[in-house]
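Counting in our numbering, the sequence shown runs from 281 upward without gaps.
The beta carbon of each residue, even a glycine, is placed where N, CA and C say it ideally should be.
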Amino acid sequence: MTSPSSTVVTRFAPSPTGYLHIGGARTALFNWLYAKGRGGKFLIRIEDTDRERSTDEAVKAIFDGLSWLELFGDEEPVFQFGRADRHREVINELLATGHAYRDFLTADETTALRDQAKAEGRDFVSPWRDREPSVDDLAKPHTVRFRRPLDQAVVVEDAVQGTVRWESASLDDLVILRSDGAPTYNLAVVVDDHDMGVTHVIRGDDHLNNAARQSLIYDALGWARPTFAHIPLIHGPDGAKLSKRHGAQAVHEYADMGYLPEAMRNYLARLGWAHGDDELFSDEQALAWFDLAGVNKAPARLDFDKLAHVNAHWLRLADDDRLAKLTLDAHLARGRTLEPDDEERLLRAMPFVKDRAKTIPELADQTAFVLQARPLALNEKSAGLLQGESGQRISRLRERLALFQSWDVFALEAELKVFAEEEGVGFGKIGPSMRAALTGGSTSPDIARTLCALGRDESLGRLDDALQQTK
C-alpha cells in the first residue's frame, strides 16, 4: 500500500557518523532523480539519534558532499534528534492502543532469557509482553517494545527486490524506546517519513529487514506505507564489499582526485541502473529516464576506468573559464606561487589541452608548460636540439612566425607544414627542437596547439630566449 499523496516525495537520510560514502551519494542521487524527474520533492534528514557517534564534523562533511554533487533538498533539512518529543508522542499512542508494552527486564536478564530461548529452539519473547506493570514497576527503569503480531506474514512489494515476505514471529518485539528515554531508529524513521510526507523510501538493501519491522509499525498506526525500493550496495572491482583497499570511498576524495560533479552524477546514475546502452547522458536525460524498474538487483561494481572515461567526456564539454579556475587551484595545491596572469594563461591554453586529460590533476600536468617563467631553463638534451643546423632552422621559423598574424591553430598548422616543405625536411626534424624551445621539453600538445596555448608574444619570446641561450 502506498501513500495517497499525488506528489512524489523522497528523502536522503544519512547518519552523521563519518564522511559521505560513495554509496550514500548514489542513494541521494537516485532519490533526487526519482523525485525531481516527476515534479516531486527531494528532502534531506540527518538521522542523528546516535548521540555518541554523531558529530558536527560529519554533518558538515555530508552537506559539503551533497553541495559538491549539487544535490540540494527542496526544504530545510530535518534533524531527527530534535524530533524526539514527537517520537515519544507516537510511542505513547502505541502504548495506549496496545501495540506496545513496557519491558522491565534488565539487559542481563534479557540476554539470559534470549540465550535460553535459543537453546530451546524458540523465539525470545519478553515475559512483560502479557504482564500488566504495577505502580511500583512503573517507577523502575524500563524500555518500551513494539508488540508485533505473532502469527502474521509481513509482505513488502519492493520496487526493486520484488515481493519480499517475512514471518512476524521471527522479527522479535522491537525496542522502540530505550531506558534512558531515547526513541530508537526504526520508530523514529517511520514517524519522520510519515510526517514529512515521504511516498518512496529508496535506500540500500542493507535496510531491507528494517522494512518488515517498519511496515508493522505503519500498520499499527493506521498509516499508509510508502513504496519501498531497496537498491544493492556498491562493491569493489573484484566483487568484494567496498573497502579502503579499493581506493576512494568518500565523496570528497573524488572531488580531490579531480572529477567533475556532473561526471560523478552521470557515473553514479549508471552504477546499478541502466537505460538501454546509454553510458553518457546529461542531468536532463537522467531526470527524464530514471525509474526504479531499471535498477539492478545485483550489486554494482566500482570501475575507475569507466569513471575516468565519463569524466574525460564532461571535461571536454566543460566551460574553459571554469576549468581554468579548477586547474589553477590544482597548481596552487602543488605549491605554485600565484602570479597575476596565471588564470589568463590557463584560460588561453584550455581549448588545446582539455581533450588530453581525464581529471583536473591531469589538466594541471598538461598545462604546466604555459605557467613556466621566462627564460626557461634548458636541460642538456633540449639545448642540444637547438644547436647547429637545427638551431638555425628554428631561427628561420621564428622570423617567419614573427610576420605571421593569423595566430589560430589551423592557420599555424598550415604554416608549419609549408615551412617544413620549403626547408626540405619532415616535420619530425622541426617538432622536437620547437618543443625544446617553447616548453623546455615539458609535456605539451602538438606544436601548432602549443603555440596557440602560449599566445603569439609568449611564443616568440620563448623562442628568442632559447636561441639566445644556445648561441
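Review point. Count the other CB atoms within 10 Å of the CB of Q494; is the residue buried (16 or more) or exposed (fewer)?
Key: The sequence position of residue 494 within the sequence shown is 214, counting from 1. Q494 is buried by the Cβ-count criterion.
**Study point:** Cβ-Cβ separation, W348 to P641 (assumed contact under 8 Å), whole Å
**Key:** Counted from its first residue, the sequence shown places residue 641 at position 361. Counted from its first residue, the sequence shown places residue 348 at position 68. About 17 Å; that fails the 8 Å criterion.
Practice item. Using beta-carbon positions only, say whether A657 and G735 come within less than 9 Å of one another. Key: Here the question's residue 657 lines up with position 377 in the sequence shown. Here the question's residue 735 lines up with position 455 in the sequence shown. It is not a contact, given that the beta carbons lie outside the stated cut-off.
Check your understanding: Can the beta-carbon of I482 be found closer than 9 Å to that of N311?
Key -> As a first step, residue 482 must be located in the sequence shown, where it is residue number 202. As a first step, residue 311 must be located in the sequence shown, where it is residue number 31. Their beta carbons are under 9 Å apart, which means I482 touches N311 by this criterion.
Point to revise | Beta-carbon proximity list for T723, same chain, < 8 Å, skipping 5 on both sides | key: As a first step, residue 723 is located in the sequence shown; it is residue number 443 there, counting from the start. The answer, listed in chain order, is D645, Q646, A648, F649.
Check your understanding: In chain order, what residues of the same chain lie with their CB nearer than 8 Å to the CB of K420, ignoring the 5 residues before and after it?
Key -> Residue mapping note: residue 420 aligns to position 140 of the sequence shown, counting from 1. So the list reads F384, once near-sequence residues are dropped.
Check your understanding: Is there contact here, the stretch 584 to 594 with the stretch 615 to 633, by at least three beta-carbon pairs under 8 Å?
Key -> no
Exercise for review: Specify the secondary structure class of I710 as computed by DSSP and reduced to three states.
Suggested key: Taking the sequence shown and counting its residues from 1, the one referred to as residue 710 is at position 430. In the structure shown, I710 sits in coil (DSSP, three-state: anything other than H, G, I, E or B).
Practice item. Could you tell me how far apart the beta carbons of T307 and F292 are, in whole angstroms, since I believe they sit closer than 8 Å? Key: Counted from its first residue, the sequence shown places residue 307 at position 27. Counted from its first residue, the sequence shown places residue 292 at position 12. Right, the Cβ-Cβ distance comes to about 6 Å (below 8 Å), so this counts as a contact.
Exercise for review: Can you tell me which of D621, G706, T297, S662 puts its alpha carbon nearest to the alpha carbon of L718?
Suggested key: Here residue 718 is taken as the residue at index 438 of the sequence shown, counted from 1. The shortest Cα separation from L718 among D621, G706, T297, S662 belongs to S662.
Check your understanding: What did DSSP end up calling V405 once you bin it into helix, strand or coil?
Key -> For the purposes of this step, residue 405 is taken as the residue at position 125 of the sequence shown. Residue state, collapsed to three classes: coil.
Check your understanding: Less than 9 Å separating the beta-carbons of H593 and N659?
Key -> Within the sequence shown, the letter at position 313 stands for residue 593. Within the sequence shown, the letter at position 379 stands for residue 659. No, Cβ-Cβ distance for H593 and N659 is not below 9 Å.
Review point. Going straight from the alpha carbon of N576 to that of V424, what length do you get?
Key: For the purposes of this step, residue 576 is taken as residue 296 along the sequence shown, with counting starting at 1. For the purposes of this step, residue 424 is taken as residue 144 along the sequence shown, with counting starting at 1. Spanning the two alpha carbons is a distance of roughly 38 Å.
Review point. Going by the beta-carbon positions, is the gap between L692 and L731 smaller than 9 Å?
Key: Taking the sequence shown and counting its residues from 1, the one referred to as residue 692 is at position 412. Taking the sequence shown and counting its residues from 1, the one referred to as residue 731 is at position 451. Contact: yes.
Review point. For the ligand ATP, is there a heavy atom less than 8 Å away from the beta-carbon of G362?
Key: Ligands displayed in this structure: none; no statement on the ligand ATP is therefore possible.
**Study point:** Rounded C-alpha distance that separates S283 from D571
**Key:** Your numbering for residue 283 matches position 3 in the sequence shown. Your numbering for residue 571 matches position 291 in the sequence shown. Any answer about S283 is weak, because its pLDDT of 42 lies below 50 and its placement is not dependable; what the coordinates show is given next. Roughly 18 Å between the two C-alpha positions.
Check your understanding: Among residues of its own chain, excluding the 5 on either side of T287, which ones have a beta-carbon nearer than 8 Å to its beta-carbon?
Key -> For the purposes of this step, residue 287 is identified with residue 7 of the sequence shown, where counting begins at 1. Excluding positions up to five away in sequence, the list reads G319, G320, K321, G477, T479.
Review point. So what's W553 in DSSP terms, helix, strand or just coil?
Key: Within the sequence shown, residue 553 is the residue found at index 273, counting from 1. Three-state result, W553: strand.
Exercise for review: For the stretch 654 to 713, list the alpha helix (DSSP H) runs that are entirely contained and at least 4 residues long, ordered along the chain.
Suggested key: 660 to 664, 668 to 682, 689 to 703
Review point. Counting Cβ pairs closer than 8 Å, one from the stretch 392 to 401 and one from the stretch 436 to 450, do we hit at least three?
Key: no
Exercise for review: Measure the alpha-carbon distance for T386 versus H422 and round it to whole angstroms.
Suggested key: Against the sequence shown, residue 386 aligns to sequence position 106. Against the sequence shown, residue 422 aligns to sequence position 142. When rounded, the distance between both Cα atoms is 8 Å.
Exercise for review: Would you mind stating whether L560 and R616 have Cβ atoms separated by less than 9 Å?
Suggested key: Here residue 560 is taken as the residue at index 280 of the sequence shown, counted from 1. Here residue 616 is taken as the residue at index 336 of the sequence shown, counted from 1. No. Outside cutoff.
Review point. What do you reckon, are the CB atoms on Q360 and T335 nearer than 9 Å?
Key: Locating residue 360 in the sequence shown gives position 80, counting from the first residue. Locating residue 335 in the sequence shown gives position 55, counting from the first residue. Not closer than 9 Å, so no.
Check your understanding: Where does P296 land, buried or exposed, given buried means 16+ other C-beta within 10 angstroms?
Key -> Numbered from its first residue, the sequence shown carries residue 296 at position 16. Per the 10 Å Cβ criterion, buried.
Check your understanding: Per the contact definition of three or more C-beta pairs closer than 8 Å, is the stretch 361 to 368 in contact with the stretch 463 to 477?
Key -> yes
**Study point:** Pair within 9 Å by beta-carbon distance, A492 and V434
**Key:** The count along the sequence shown starts at 1 and reaches residue 492 at position 212. The count along the sequence shown starts at 1 and reaches residue 434 at position 154. Yes, the Cβ-Cβ distance between A492 and V434 is below 9 Å.
Point to revise | C-alpha distance - V436 paired with L612, whole-angstrom precision | key: If you number the sequence shown from 1, residue 436 lands on position 156. If you number the sequence shown from 1, residue 612 lands on position 332. Looking at the two C-alpha atoms, the distance is approximately 53 Å.
**Study point:** Reference L681, options F690, S670, E695, D453, closest by Cα
**Key:** Reading the sequence shown from its first residue, position 401 is the one you call residue 681. Ranking F690, S670, E695, D453 by Cα distance to L681 puts E695 first.
Point to revise | Through-space distance from I302 to D344, alpha-carbon basis | key: Residue 344 sits at position 64 when you count from the first residue of the sequence shown. Residue 302 sits at position 22 when you count from the first residue of the sequence shown. Answer to the nearest angstrom: the Cα atoms are 13 Å apart.
Review point. Where do the ends of the alpha helix (DSSP H) carrying R628 lie?
Key: As a working mapping, residue 628 is identified with position 348 in the sequence shown. Its alpha helix (DSSP H) spans residues 622 to 633.
**Study point:** Enclosing beta strand (DSSP E) for V424 [first to last residue]
**Key:** Position 144 of the sequence shown holds residue 424. Counting along the chain, the beta strand (DSSP E) containing V424 begins and ends at 423 to 426.
Check your understanding: What is the rounded straight-line gap between the Cα of L375 and the Cα of A566?
Key -> Taking the first residue of the sequence shown as 1, we reach residue 375 at position 95. Taking the first residue of the sequence shown as 1, we reach residue 566 at position 286. If I take the Cα positions, the gap works out to 45 Å.
Exercise for review: Please specify which runs of the beta strand (DSSP E), each continuous and at least 3 residues long, are wholly inside the stretch 290 to 352, giving them in chain order.
Suggested key: 321 to 326
**Study point:** Closest by C-alpha distance to D485, when choosing among F508, V689, H474, K709
**Key:** Your numbering for residue 485 matches position 205 in the sequence shown. Closest option to D485, Cα to Cα, is F508.
Check your understanding: Which term fits P620, buried or exposed, when burial requires 16 or more other beta carbons within 10 angstroms of its beta carbon?
Key -> Mapped onto the sequence shown, residue 620 falls at position 340. P620 should be labelled exposed.
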